[in-house]
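Residue numbers (the working numbering): 5 to 77. Don't be surprised by glycine CBs; every beta carbon is placed ideally from N, CA and C. Note that this is a predicted model, so its numbers are computed, not measured. Quick notes on the structure that follows.
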Amino acid sequence: MSCDLTGHRKDHILNRHKFGAGKPGKTEFPAHWSDADILRHVSDVATDPKSTWGSESGIRLMRLAFETASRYG
Numbered sequence: 005m006s007c008d009l010t011g012h013r014k015d016h017i018l019n020r021h022k023f024g025a026g027k028p029g030k031t032e033f034p035a036h037w038s039d040a041d042i043l044r045h046v047s048d049v050a051t052d053p054k055s056t057w058g059s060e061s062g063i064r065l066m067r068l069a070f071e072t073a074s075r076y077g
C-alpha cells in the first residue's frame, strides 16, 4: 500500500498540524519533529493494515490518536 504525501496533502498536513500552526480544533505534532519526521510517521500509520478509515461529510479520512509523544520519538 502506498501513501501520496505530496502537493496539497503535504501542505495540509504541515500547515495545519505542525507544531505552532495554532489552528483551532487541530492537533499538532510534537515540536521536535521535522517535516520529514511528520511525513514519515503519517505515511507509516496511513499504510498500516491495522489502521481504521472512515468518512465524515462524504470525505474519506483517518483519525489518528497518539498515546504519548514519547512513544513516537
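- Our two residues, Cys7 and Val46, have alpha carbons roughly 9 Å apart in a direct line.
- Exclusion of the five residues before and after Arg20 leaves Lys27, Lys30 as the residues of its chain whose Cβ lies within less than 6 Å of its Cβ.
- In the three-state reduction of the DSSP assignment, Gly11 falls in the helix class.
- Of the residues assessed, Phe23 falls on the exposed side of the cut-off, its CB having fewer than 16 other CB atoms within 10 angstroms.
- In terms of Cβ geometry, Ala25 and Glu32 form a close pair [threshold 8 Å].
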